[in-house]
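Asker: Mind looking over this structure? Questions follow.
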Amino acid sequence: MPTKGRASAGPNSTSYDNPPSGRAANWVLPGALALVFASVALLGPGWDASAAPVAALALGGPLVAWSLYARRPDPARLAMLLIGAVPLAALLVSSLLATNPSASLFGFLTQRTGWITWFALYAWFWASVLHGGRDALDRVGVVLAVALAAAALYGIFSGAPDPTAWSDKPSGLFSNAITFGQVMLLGLGVSAYIALSRSSFAWRVAGGAAGAICLVGILVSRSRGSWIGLVAAVAVVPLLFWPEGSKGYRPWLRLGSVLVVALIALGLLFGYVTSVGAFGPDVYASVDSLFSQRLGIWRSALLDISRHPLLGRGPAQFTAFAMLDVDANLWPQGPMTFAPHSSPLEFLVAGGLLLAAAAAFTLWQWREWPAKVLSKARGNPARVALLSALLGYAVATLFSWVDALGALAAAALLGLLAGDASSEPILTKKGPRKRPKKRKPAPVPALTTTVAVVAVASTVALTAAVMPSAAGEFLIRSASPGSDGHIATLRDGAIRLRDAEAAMQYVNICLDKSAEADGSQWRDRAREALDMLGRETRWHAGLAYANADMSSADLETDPAGASSRLLAAIQAGREAAPGSMMWDYFELLYSADTGDPQRSAELAGRILALPQMPNVRVAVEQLREGKKGG
Numbered sequence: 268m269p270t271k272g273r274a275s276a277g278p279n280s281t282s283y284d285n286p287p288s289g290r291a292a293n294w295v296l297p298g299a300l301a302l303v304f305a306s307v308a309l310l311g312p313g314w315d316a317s318a319a320p321v322a323a324l325a326l327g328g329p330l331v332a333w334s335l336y337a338r339r340p341d342p343a344r345l346a347m348l349l350i351g352a353v354p355l356a357a358l359l360v361s362s363l364l365a366t367n368p369s370a371s372l373f374g375f376l377t378q379r380t381g382w383i384t385w386f387a388l389y390a391w392f393w394a395s396v397l398h399g400g401r402d403a404l405d406r407v408g409v410v411l412a413v414a415l416a417a418a419a420l421y422g423i424f425s426g427a428p429d430p431t432a433w434s435d436k437p438s439g440l441f442s443n444a445i446t447f448g449q450v451m452l453l454g455l456g457v458s459a460y461i462a463l464s465r466s467s468f469a470w471r472v473a474g475g476a477a478g479a480i481c482l483v484g485i486l487v488s489r490s491r492g493s494w495i496g497l498v499a500a501v502a503v504v505p506l507l508f509w510p511e512g513s514k515g516y517r518p519w520l521r522l523g524s525v526l527v528v529a530l531i532a533l534g535l536l537f538g539y540v541t542s543v544g545a546f547g548p549d550v551y552a553s554v555d556s557l558f559s560q561r562l563g564i565w566r567s568a569l570l571d572i573s574r575h576p577l578l579g580r581g582p583a584q585f586t587a588f589a590m591l592d593v594d595a596n597l598w599p600q601g602p603m604t605f606a607p608h609s610s611p612l613e614f615l616v617a618g619g620l621l622l623a624a625a626a627a628f629t630l631w632q633w634r635e636w637p638a639k640v641l642s643k644a645r646g647n648p649a650r651v652a653l654l655s656a657l658l659g660y661a662v663a664t665l666f667s668w669v670d671a672l673g674a675l676a677a678a679a680l681l682g683l684l685a686g687d688a689s690s691e692p693i694l695t696k697k698g699p700r701k702r703p704k705k706r707k708p709a710p711v712p713a714l715t716t717t718v719a720v721v722a723v724a725s726t727v728a729l730t731a732a733v734m735p736s737a738a739g740e741f742l743i744r745s746a747s748p749g750s751d752g753h754i755a756t757l758r759d760g761a762i763r764l765r766d767a768e769a770a771m772q773y774v775n776i777c778l779d780k781s782a783e784a785d786g787s788q789w790r791d792r793a794r795e796a797l798d799m800l801g802r803e804t805r806w807h808a809g810l811a812y813a814n815a816d817m818s819s820a821d822l823e824t825d826p827a828g829a830s831s832r833l834l835a836a837i838q839a840g841r842e843a844a845p846g847s848m849m850w851d852y853f854e855l856l857y858s859a860d861t862g863d864p865q866r867s868a869e870l871a872g873r874i875l876a877l878p879q880m881p882n883v884r885v886a887v888e889q890l891r892e893g894k895k896g897g
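Its first residue numbered 268, the sequence shown is counted upward by one per residue in this note's numbering.
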């Protein structure tokens with residue numbers, strides 16, 4: 268008999284086997300997920316990048332152990348799950364052989380590409396597969412719908428509470444509007460799943476209301492990647508409703524109609540944004556500059572991949588110097604550093620071709636799961652809504668990074684769908700039938716098992732080894748910004764561990780404090796950190812810029828020392844981010860100080876020929892008029 272409160276129509280509306288562990292056991296997985304979301308909500312905006320991996324890692328281990336005890340998977344299923352650790356082992360190798368291993372290990376906990384984060388997500392996927400079933404999927408859907416609808420309401424009505432936000436886009440409880448829009452895509456999918464899978468009118472109204480709230484959240488986020496993901500989710504729906512073996516022109520006509528409508532809607536949306544200035548007057552000045560910043564970041568990422576193709580640079584060790592081809596009015600505070608803003612590029616930068624090959628190996632071994640998931644979702648409106656939202660979320664991450672909290676929810680949903688797809692139905696439309704006899708598990712290749720076991724063992728071992736560094740990074744995030752403990756921890760990470768990201772934060776704090784009364788000692792501390800880092804400035808454009816900026820300001824007080832430091836910073840910056848015109852500007856300051864009029868004229872002419880850099884052009888004109896330092 269169908270379960271009360273659920274719709275029983277549809278080809279895939281049967282219930283699935285669950286171990287006789289009691290009703291309370293079915294709430295273990297959704298309850299743990301609710302705890303993760305609650306921890307982020309209690310800590311406040313911006314903690315989704317650090318609190319989510321910590322809570323997921325703390326709960327993921329016991330959850331996997333309990334799921335293994337409750338499910339007792341056969342050896343073939345266990346081997347398939349162990350294979351998932353192969354990419355983690357590849358990322359481990361890339362980290363140990365990266366340009367700066369200690370810096371990579373130090374920053375892993377709060378970074379999206381950090382393997383501790385992905386180990387936590389892998390643990391949740393594992394537990395979800397073992398716990399898979401219709402009941403678990405329904406309960407996790409309810410938890411996610413409630414949590415994400417509440418987060419959407421907070422984001423819609425709070426605007427951008429983070430004072431460091433670079434625009435007025437709402438971010439809610441998340442670190443930025445991009446993350447907010449991506450996670451709302453998942454909220455829309457699970458809300459639609461609840462509305463379409465329940466027969467109760469109250470459940471359907473609640474699911475529809477939650478979905479409407481999440482849809483508004485996607486629209487007000489003004490995240491281009493999330494909008495494209497929404498269009499992709501809508502466009503894929505006809506494919507998931509396409510009956511197997513159907514022929515003729517009607518399916519193609521239906522698919523084409525949806526795609527045309529989706530493209531028209533996307534065009535109108537972008538037209539509205541660029542015509543009425545929905546992004547705000549200080550963000551994008553013209554249609555031409557709408558995508559130039561993102562394209563510049565991608566070019567920098569591709570250049571970095573070409574420099575480290577095999578092993579990558581290591582997780583969280585890439586920053587793009589994206590000043591070239593971007594309107595300077597967009598960044599009035601000067602050049603900034605960015606992540607690659609694309610999940611495939613981010614992974615290639617972190618682990619190189621080794622990580623790509625390991626991921627391809629795992630996906631090939633898991634190739635049967637997607638087919639089974641699609642087979643169960645085809646023609647089932649509830650499953651179609653959920654799966655299309657997951658696909659839309661994946662498309663959105665192509666144009667931006669993968670957030671820890673959104674990835675955690677996606678990993679849980681994908682794991683439940685994969686586990687449900689490999690479950691045997693014990694109820695049919697005709698009523699109960701006998702439980703099928705257990706088949707003898709297929710033999711697992713010895714090489715595959717060996718590789719998987721070694722990958723899991725090495726990953727767990729390194730997790731224990733770097734937990735002290737991870738705890739130190741967590742203390743950095745939890746300390747009050749600017750406090751003595753926070754500054755001391757940053758200095759330790761910058762100088763002792765030679766972590767470029769910690770150094771960047773430390774130098775910025777020192778420079779901010781140097782503007783206060785009696786702040787000369789802070790400027791000396793910033794210079795000390797940059798001098799001790801030495802070679803690291805050659806692969807970190809932000810540090811090279813800070814060094815050049817500080818040295819150029821010291822040209823009048825210490826001409827000899829500042830000139831040599833400035834020239835070294837310019838050379839380091841050109842190695843880290845070749846092609847940026849900011850190095851020409853700093854060299855112009857150097858040439859003006861050393862009295863090389865020919866080189867100064869050449870550099871000034873090159874800078875003035877770039878119309879998209881008005882603030883730097885003003886500075887160059889001031890130099891020509893003899894007002895050095897502008």
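Glycine included, C-beta positions come from ideal geometry on N, C-alpha and C.
1. Do Y389 and A352 have their C-beta atoms within less than 8 angstroms of each other?
2. Under a Cβ-count criterion, where at least 16 other Cβ atoms within 10 Å of its own Cβ denotes burial, should E823 be classed as buried or exposed?
3. Tell me whether the region 390-405 and the region 441-455 touch, counting them as touching only if at least three CB pairs, one residue from each stretch, are closer than 8 angstroms.
4. Output needed for A625: all residues of its chain with C-beta closer than 6 angstroms, excluding positions within five of it in sequence on either side, in chain order.
5. Compare the beta carbon distance of M667 and G492 with 8 angstroms and say whether it is the shorter of the two.
6. Within the same chain, show all residues whose beta-carbon is closer than 6 angstroms to that of T664, passing over the 5 residues directly before and after it, in chain order.
7. Quick check on the DSSP output: the alpha helix (DSSP H) that includes A661 runs from which residue to which?
8. Just to confirm before moving on: does the CB-CB distance between V504 and S655 stay below 8 angstroms?
9. Consult DSSP for R465 and reduce its assignment to one of helix, strand or coil.
10. Using only CA atoms, which one of D779, L658, G618 and R792 lies nearest to W494?
11. For S819, collect the residues of the same chain with a Cβ closer than 7 angstroms to its Cβ; drop the 5 residues on either side in sequence, then sort them by chain order.
12. Give me, in chain order, the residues of the same chain whose beta-carbon lies closer than 7 angstroms to that of L620; leave out the 5 immediate sequence neighbours on both sides.
13. How long is the line joining the alpha carbons of L345 and V331, rounded to whole angstroms?
14. If you pair each beta-carbon of the region 454-470 with each one of the region 628-645, do three or more pairs fall below 8 angstroms?
15. Rounded to the nearest angstrom, what separates S460 and L359 at their Cα positions?
16. For A412 and A477, which I take to be in contact (beta-carbon distance under 8 angstroms), what is that distance rounded to the nearest angstrom?
17. Given this structure, state the Cα-to-Cα distance separating A868 from M849, to the nearest angstrom.
18. By how many angstroms is the C-alpha of M817 removed from the C-alpha of A623?
19. Give me the Cα-Cα distance between I776 and P607, rounded to the nearest whole angstrom.
20. By DSSP, does N443 sit in helix, in strand, or in coil?
21. Just how far apart, CA to CA, sit A299 and L455?
22. Mind checking which residues open and close the alpha helix (DSSP H) that includes A352?
23. Which residue's Cα is closest to the Cα of L672: S361, L363, A418 and I350?
24. Using CA atoms only, rank isn't needed, just tell me which of R580, A796, A500 and L797 is closest to Y660.
25. Given that a residue counts as buried once 16 or more other Cβ atoms are within 10 Å of its Cβ, and exposed if not, what is V472?
26. Check this for me: beta carbons of A678 and W391, under 8 angstroms apart or not?
27. Using DSSP with H/G/I as helix, E/B as strand and the rest coil, what is S490?
28. What's the gap between the Cα of S361 and the Cα of F614?
29. Between A770 and A796, which are expected to be in contact by the criterion C-beta below 8 angstroms, what is the C-beta distance as a whole number of angstroms?
30. Short of 7 angstroms in beta carbon distance, which residues of its chain neighbour A685, apart from the five on each side in sequence? Order them along the chain.
31. To the nearest angstrom, how far is it from the Cα of L364 to the Cα of L675?
32. By how many angstroms is the C-alpha of A839 removed from the C-alpha of W633?
33. Under a three-way DSSP split, which group does R634 fall into?
34. Check this for me: beta carbons of G408 and V483, under 8 angstroms apart or not?
35. From L452 to L680, what distance separates their C-alpha atoms?
36. Below 6 angstroms CB to CB, which residues in the same chain sit around L778 once its five sequence neighbours on both sides are set aside?
Answerer: Quick answer:
1. What you label residue 389 is simply residue 122 of the sequence shown in a count that begins at 1. What you label residue 352 is simply residue 85 of the sequence shown in a count that begins at 1. Against a cut-off of 8 angstroms, the Cβ pair of A352 and Y389 comes out as a contact.
2. Counting from 1 along the sequence shown, the entry for residue 823 is found at position 556. Per the 10 Å Cβ criterion, exposed.
3. no
4. As a first step, residue 625 is located in the sequence shown; it is residue number 358 there, counting from the start. Contacts found: V353, P354 and A357.
5. Numbered from 1 along the sequence shown, position 400 holds the residue referred to as residue 667. Numbered from 1 along the sequence shown, position 225 holds the residue referred to as residue 492. Checking the sequence shown, residue 667 turns out to be Ser, not Met. In this structure, G492 lies closer than 8 angstroms to S667 by Cβ.
6. For this step, residue 664 is matched to residue 397 along the sequence shown. Excluding positions up to five away in sequence, the list reads S610.
7. Position 394 of the sequence shown holds residue 661. Looking at the DSSP string, the run of the alpha helix (DSSP H) that includes A661 is P648 to L665.
8. Stepping through the sequence shown from its first residue, residue 504 is reached at position 237. Stepping through the sequence shown from its first residue, residue 655 is reached at position 388. In this structure, S655 lies closer than 8 angstroms to V504 by Cβ.
9. Reading the sequence shown from its first residue, position 198 is the one you call residue 465. The answer is strand: DSSP assigns R465 an E or B state.
10. Along the sequence shown, one-based indexing puts residue 494 at 227. Of D779, L658, G618 and R792, the residue nearest in Cα terms is L658.
11. The sequence position of residue 819 within the sequence shown is 552, counting from 1. Hits under 7 angstroms: L833, F853 and L856.
12. Against the sequence shown, residue 620 aligns to sequence position 353. Correct list, in chain order: P576 and L577.
13. Taking the first residue of the sequence shown as 1, we reach residue 345 at position 78. Taking the first residue of the sequence shown as 1, we reach residue 331 at position 64. Distance between the alpha carbons of L345 and V331 is about 12 angstroms.
14. no
15. Against the sequence shown, residue 460 aligns to sequence position 193. Against the sequence shown, residue 359 aligns to sequence position 92. Looking at the sequence shown, residue 460 is not Ser but Tyr. When rounded, the distance between both Cα atoms is 37 angstroms.
16. Residue 412 sits at position 145 when you count from the first residue of the sequence shown. Residue 477 sits at position 210 when you count from the first residue of the sequence shown. Yes, they are in contact, since the Cβ atoms of A412 and A477 sit about 5 angstroms apart, within 8 angstroms.
17. Within the sequence shown, the letter at position 601 stands for residue 868. Within the sequence shown, the letter at position 582 stands for residue 849. So the alpha carbons of these two residues sit roughly 16 angstroms apart.
18. The count along the sequence shown starts at 1 and reaches residue 623 at position 356. The count along the sequence shown starts at 1 and reaches residue 817 at position 550. Computed Cα separation, rounded: 40 angstroms.
19. Counting from one through the sequence shown, the residue named residue 776 turns up at place 509. Counting from one through the sequence shown, the residue named residue 607 turns up at place 340. Using only the alpha carbons, I get a separation of about 25 angstroms.
20. Within the sequence shown, the letter at position 176 stands for residue 443. Three-state DSSP puts N443 in coil, outside helix and strand.
21. The count along the sequence shown starts at 1 and reaches residue 299 at position 32. The count along the sequence shown starts at 1 and reaches residue 455 at position 188. Looking at the two C-alpha atoms, the distance is approximately 21 angstroms.
22. Along the sequence shown, one-based indexing puts residue 352 at 85. Neither: A352 is in no alpha helix (DSSP H) and is coded neither H nor E.
23. Stepping through the sequence shown from its first residue, residue 672 is reached at position 405. Ranking S361, L363, A418 and I350 by Cα distance to L672 puts A418 first.
24. Start at 1 with the first residue of the sequence shown, and residue 660 comes out as number 393. Nearest of R580, A796, A500 and L797 to Y660, Cα basis: A500.
25. The count along the sequence shown starts at 1 and reaches residue 472 at position 205. Label assigned to V472: exposed.
26. Counted from its first residue, the sequence shown places residue 678 at position 411. Counted from its first residue, the sequence shown places residue 391 at position 124. It is a contact, given that the beta carbons lie within the stated cut-off.
27. The residue given as residue 490 occupies position 223 in the sequence shown. Reduced to three states, the DSSP call for S490 is coil.
28. Position 94 of the sequence shown, counted from the start, is the residue given in the question as residue 361. Position 347 of the sequence shown, counted from the start, is the residue given in the question as residue 614. In a straight line, the C-alpha of S361 is about 11 angstroms away from that of F614.
29. Counted from its first residue, the sequence shown places residue 770 at position 503. Counted from its first residue, the sequence shown places residue 796 at position 529. That pair is a contact at about 6 angstroms.
30. Position 418 of the sequence shown, counting from 1, holds the residue named residue 685. Answer for A685: V396, G399, W636 and V640, listed in chain order.
31. Numbered from its first residue, the sequence shown carries residue 364 at position 97. Numbered from its first residue, the sequence shown carries residue 675 at position 408. Straight-line Cα distance between these residues: approximately 28 angstroms.
32. As a first step, residue 633 must be located in the sequence shown, where it is residue number 366. As a first step, residue 839 must be located in the sequence shown, where it is residue number 572. Going from the Cα of W633 to the Cα of A839 covers about 44 angstroms.
33. Translated into positions along the sequence shown, residue 634 becomes position 367. Residue state, collapsed to three classes: coil.
34. Translated into the one-based positions of the sequence shown, residue 408 becomes position 141. Translated into the one-based positions of the sequence shown, residue 483 becomes position 216. Not in contact: G408 and V483 (Cβ atoms no closer than 8 angstroms).
35. Locating residue 452 in the sequence shown gives position 185, counting from the first residue. Locating residue 680 in the sequence shown gives position 413, counting from the first residue. Straight-line Cα distance between these residues: approximately 13 angstroms.
36. For the purposes of this step, residue 778 is identified with residue 511 of the sequence shown, where counting begins at 1. These residues qualify, in order along the chain: A793.
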